[in-house]
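Novice: Please find one structure pasted underneath; my questions will follow.
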Amino acid sequence: MSRISSQQRKLVYLVIIVLLLAPIVYLGAPGDGSEGSGGKLAQLRREYDLGETSLGNVDPASATMNLVLLGLRGIASNMLWVEAVKQKDQKDWAGLRATVDSIVLLQPHFRQVWEFQGWNLAYNVSAEWDGVEDRYTWVKEGAKFMMKGSDRNYKYPELYWESGRILGQKIGRADEKKFFRQFFLDDPTREGGGPDPEINPDGKDNYLAAKDWFLKANEVEDKPGISQSRLARVLFRSYPTKSQIDYADTFQQEGKFDETERIREAWEVASNELRSVWGKEKFMTPAGAVILEANDEALEAIVKEEGEKFSLAQKKEWVTRRQNMSNYRYWRLRCQVESELETIQAHRDLWQGKRAFLDQQDSVQAEELLSRGMTAMEKILAEWPELEQEDNFREECLKAVVIWRACLNLLSKPVPEDFPLKNLWNAYPGEAQEYTELFRTLYNAGE
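Numbering (the working numbering), first residue to last: 43 to 489.
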């Protein structure tokens, strides 16, 4: 057996190392982002969208943290999650925020981290503060955190959707909504006022800003290979339209009846989007694809497209089911009715009658306005009886009757045997009694 010297042996080892490095470089060379750059693994990651950059923007601090921890990232994440739950129970909000920020560094593409902290800041932490401005600040922080999560995770439509939900539902429907909606357009925590550019760069109404985020969620959800687990698809895709409806509804909720044309325009936009966008989208069912704004001609076209695998009767059955699930027919009717001048005038009379009684203590003027508005509402219900099933519409009418009856009491007039909205009043005695008791409690008034 021939012997080799120590120097020769080292040269052999060096040659072997060089030979082994060649496939490593071929397989694992990092890419620079351009087409065809990097090794085979980098190219495969880019081709199948498996790289971190394909999921969203990369935080350098996050990448460094993962490199330092090596294989201990999972253990560290679990320990931080246990600590986060403990801090939440102890209401240690500052500590919780720092902990979740650390979790984000370790798990930037774990959707639940962003949802947990965004929701927690906007809803739980904000509720712990007494001042309205302080509460709004934490609502903003929750929205900003959720938006940051969507920027880091392009493929999660849920994060875009949750961003929209905070802007729409939290700001627009909270007990403090009167102030939150004002602050969204003119932030008192900013020097010089105006909207916070991080959450409202275009200075829009909160519902229209929410609509933009819901549209982004739909765009992401519509891409091949991406789905969402938040809601049934027919409901998930409805939120841009629902936000437009919420925006249109704020005019009457806030008594902005001097802008009749804007009110009509807002409802007409909602109606058009409902019928032409949401209503024309195809939703898969056990009987194939269906659309909500369906007629026989449209469904027959779909039947032919699918090679007549399903009958027209089957399609109609599933259209009805999806319409029932999404309450589509009601929203279509609501948009139609609310865009009518008679409906806008009825809302105006009820609003002004309520304000005349509560703010001006003018029972005569209030009784006249409320009576006129109630009469108009009775005609609207006679033409579209389905509106009776809508909670807000019914509440507005029943509360108007409560105040109208209080006006008659103060004017020493008896309640007539027959009066506008009497059928609605008698049909919902529980709600009528509830609103009557609430009125007496709040305003120390009785009949």
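For glycine and all other residues, C-beta sits at the position ideal for the given N, C-alpha and C.
Please go through the region 278-324 and give each complete alpha helix (DSSP H) segment of 4 or more residues, from N-terminal end onward.
Specialist: Listed in chain order, the complete alpha helix (DSSP H) runs (minimum 4 residues) inside the region 278-324 are 281-295, 302-318.
Novice: Does DSSP put Ala336 in a helix, in a strand, or in coil?
Specialist: Looking up residue 336 in the sequence shown gives position 294. In this structure, Ala336 counts as coil in the three-state DSSP scheme.
Novice: Would you say Tyr289 and Phe256 are within 7 Å of each other, going by their C-beta atoms?
Specialist: The residue labelled residue 289 in the question sits at position 247 within the sequence shown. The residue labelled residue 256 in the question sits at position 214 within the sequence shown. In this structure, Phe256 does not lie closer than 7 Å to Tyr289 by Cβ.
Novice: To the nearest angstrom, how far is the alpha carbon of Thr95 from that of Ser205?
Specialist: Stepping through the sequence shown from its first residue, residue 95 is reached at position 53. Stepping through the sequence shown from its first residue, residue 205 is reached at position 163. Residue confidence is low: Thr95 scores 48 on pLDDT, short of 50, so the model does not pin down where it sits. Its coordinate-derived value is still stated next. Computed Cα separation, rounded: 22 Å.
Novice: Just list the residues that DSSP pairs Met326 with in beta bridges.
Specialist: Against the sequence shown, residue 326 aligns to sequence position 284. Beta-bridge pairing links Met326 to Ala331.
Novice: Quick one: Cα of Arg177 to Cα of Ile145, how far?
Specialist: Taking the sequence shown and counting its residues from 1, one reaches residue 177 at position 135. Taking the sequence shown and counting its residues from 1, one reaches residue 145 at position 103. Spanning the two alpha carbons is a distance of roughly 25 Å.
Novice: Name the two residues that bound the continuous alpha helix (DSSP H) containing Leu250.
Specialist: Locating residue 250 in the sequence shown gives position 208, where the first residue counts as 1. Counting along the chain, the alpha helix (DSSP H) containing Leu250 begins and ends at 248-263.
Novice: Beta carbon of Val345, beta carbon of Leu354: below 7 Å?
Specialist: Here residue 345 refers to the residue found at position 303 when the sequence shown is read from its first residue. Here residue 354 refers to the residue found at position 312 when the sequence shown is read from its first residue. Yes, they are a contact pair.
Novice: Taking the alpha carbon of Phe187 as the point to measure from, which residue in Phe158, Val60, Ile268, Ile213 has its own alpha carbon closest?
Specialist: The sequence position of residue 187 within the sequence shown is 145, counting from 1. Among Phe158, Val60, Ile268, Ile213, the Cα nearest to that of Phe187 is on Phe158.
Novice: When burial is assigned at 16 or more other CB atoms within 10 Å of the CB, is Thr385 buried or exposed?
Specialist: Working through the sequence shown from its first residue, we reach residue 385 at position 343. With 16 or more Cβ atoms within 10 Å of its Cβ, Thr385 is classed as buried.
Novice: Return the first residue and the last residue of the alpha helix (DSSP H) that Asn451 is part of.
Specialist: Residue numbering aside, residue 451 sits at position 409 when the sequence shown is read from its first letter. That run of the alpha helix (DSSP H) goes 433-452.
Novice: Leaving aside the five residues before and after Arg364 along the sequence, list all residues of the same chain whose C-beta is less than 8 Å from its C-beta, in chain order.
Specialist: For the purposes of this step, residue 364 is taken as the residue at position 322 of the sequence shown. Closer than 8 Å at Cβ, skipping near neighbours: Val276, Phe325, Thr327, Val332, Leu334, Tyr370.
Novice: Report the three-state DSSP secondary structure of Leu273 (helix, strand or coil).
Specialist: Taking the sequence shown and counting its residues from 1, the one referred to as residue 273 is at position 231. Looking at Leu273 - three-state DSSP - the assignment turns out to be coil, as it is neither helix nor strand.
Novice: For Ile46 and Ile58, what's the separation of their Cα atoms in angstroms?
Specialist: Walking along the sequence shown from the start, residue 46 turns up at place 4. Walking along the sequence shown from the start, residue 58 turns up at place 16. Answer to the nearest angstrom: the Cα atoms are 16 Å apart.
Novice: Let me know the secondary structure DSSP gives Trp426 once reduced to three states.
Specialist: Mapped onto the sequence shown, residue 426 falls at position 384. In the structure shown, Trp426 sits in coil (DSSP, three-state: anything other than H, G, I, E or B).
Novice: For a test of the three-state rule: what should DSSP assign to His389, helix, strand or coil?
Specialist: Indexing the sequence shown from 1 puts residue 389 at position 347. His389 falls in the helix class under three-state DSSP.
Novice: Should the region 396-409 be called in touch with the region 439-451, which here means at least 3 C-beta pairs below 8 Å?
Specialist: These segments touch.
Novice: Give the list of continuous alpha helix (DSSP H) stretches no shorter than 4 residues that lie fully inside the region 115-147.
Specialist: Runs of the alpha helix (DSSP H) inside the region 115-147: 115-131.
Novice: Taking the alpha helix (DSSP H) that Val379 belongs to, which residues open and close that run?
Specialist: Counting from 1 along the sequence shown, the entry for residue 379 is found at position 337. It spans 370-380 - the alpha helix (DSSP H) in which Val379 sits, taken as one unbroken run.
Novice: Please report how far the alpha carbon of Asp391 lies from the alpha carbon of Pro150, in whole angstroms.
Specialist: The sequence position of residue 391 within the sequence shown is 349, counting from 1. The sequence position of residue 150 within the sequence shown is 108, counting from 1. In a straight line, the C-alpha of Asp391 is about 53 Å away from that of Pro150.
Novice: Rounded to whole angstroms, what's the CA-CA distance from Arg51 to Ser269? Just pull it up for me.
Specialist: On the sequence shown, residue 51 is found 9 positions in, with the first residue counted as 1. On the sequence shown, residue 269 is found 227 positions in, with the first residue counted as 1. Cα to Cα, Arg51 sits roughly 58 Å from Ser269.
Novice: For Gly116, count neighbouring Cβ atoms within 10 angstroms of its own Cβ and tell me buried if that reaches 16, exposed if not.
Specialist: Here the question's residue 116 lines up with position 74 in the sequence shown. With fewer than 16 Cβ atoms within 10 Å of its Cβ, Gly116 is classed as exposed.
Novice: Taking 7 Å as the CB-CB cut-off, is Val379 touching chain D?
Specialist: Of the protein chains in the structure, only one exists, and it is not chain D.
Novice: For the region 208-224 and the region 243-260, state whether three or more C-beta atom pairs, one from each stretch, are separated by less than 8 Å.
Specialist: Touching, yes, given that three or more Cβ pairs across the two stretches are closer than 8 Å.
Novice: Would Gln154 be called buried (16 or more neighbouring beta carbons within 10 Å of its own) or exposed?
Specialist: The residue labelled residue 154 in the question sits at position 112 within the sequence shown. Per the 10 Å Cβ criterion, exposed.
Novice: Given that a residue counts as buried once 16 or more other Cβ atoms are within 10 Å of its Cβ, and exposed if not, what is Glu200?
Specialist: In the sequence shown, the residue the question calls residue 200 occupies position 158. Buried is the call here.
Novice: Contact check, Phe352 vs Ala336 under 8 Å by CB: the rounded distance?
Specialist: Looking up residue 352 in the sequence shown gives position 310. Looking up residue 336 in the sequence shown gives position 294. Incorrect: roughly 14 Å between the Cβ atoms, too far for contact.
Novice: Would you report the Cα separation of Gly234 and Phe226, rounded to the nearest angstrom?
Specialist: Taking the first residue of the sequence shown as 1, we reach residue 234 at position 192. Taking the first residue of the sequence shown as 1, we reach residue 226 at position 184. Each residue's alpha carbon lies about 14 Å from the other.
Novice: If the criterion is Cβ atoms closer than 7 Å, does the pair Ile241 and Ala169 meet it?
Specialist: Along the sequence shown, one-based indexing puts residue 241 at 199. Along the sequence shown, one-based indexing puts residue 169 at 127. No, the pair does not count as a contact, with Cβ atoms beyond the cut-off.
Novice: Measuring alpha carbon to alpha carbon, tell me which residue in Glu263, Ser285, Arg232, Asn260 is nearest Asp247.
Specialist: Position 205 of the sequence shown, counted from the first residue, corresponds to residue 247. Nearest of Glu263, Ser285, Arg232, Asn260 to Asp247, Cα basis: Ser285.
Novice: Whole angstroms is fine: what's the gap from Glu437's alpha carbon to Ala216's?
Specialist: Counting from one through the sequence shown, the residue named residue 437 turns up at place 395. Counting from one through the sequence shown, the residue named residue 216 turns up at place 174. Going from the Cα of Glu437 to the Cα of Ala216 covers about 18 Å.
Novice: Identify the continuous alpha helix (DSSP H) that holds Val181 and give its terminal residues.
Specialist: Position 139 of the sequence shown, counted from the start, is the residue given in the question as residue 181. That run of the alpha helix (DSSP H) goes 174-194.
Novice: Run the CB neighbour count on Ser39, radius 10 Å, all protein chains shown included, and call it buried at 16 or more, exposed below.
Specialist: Residue 39 is absent from the structure shown; the chain starts at 43 and stops at 489.
Novice: Within a Cβ cutoff of 6 Å, which residues of the same chain sit near Phe299, ignoring the five residues on either side of it in sequence?
Specialist: Along the sequence shown, one-based indexing puts residue 299 at 257. Arg390.
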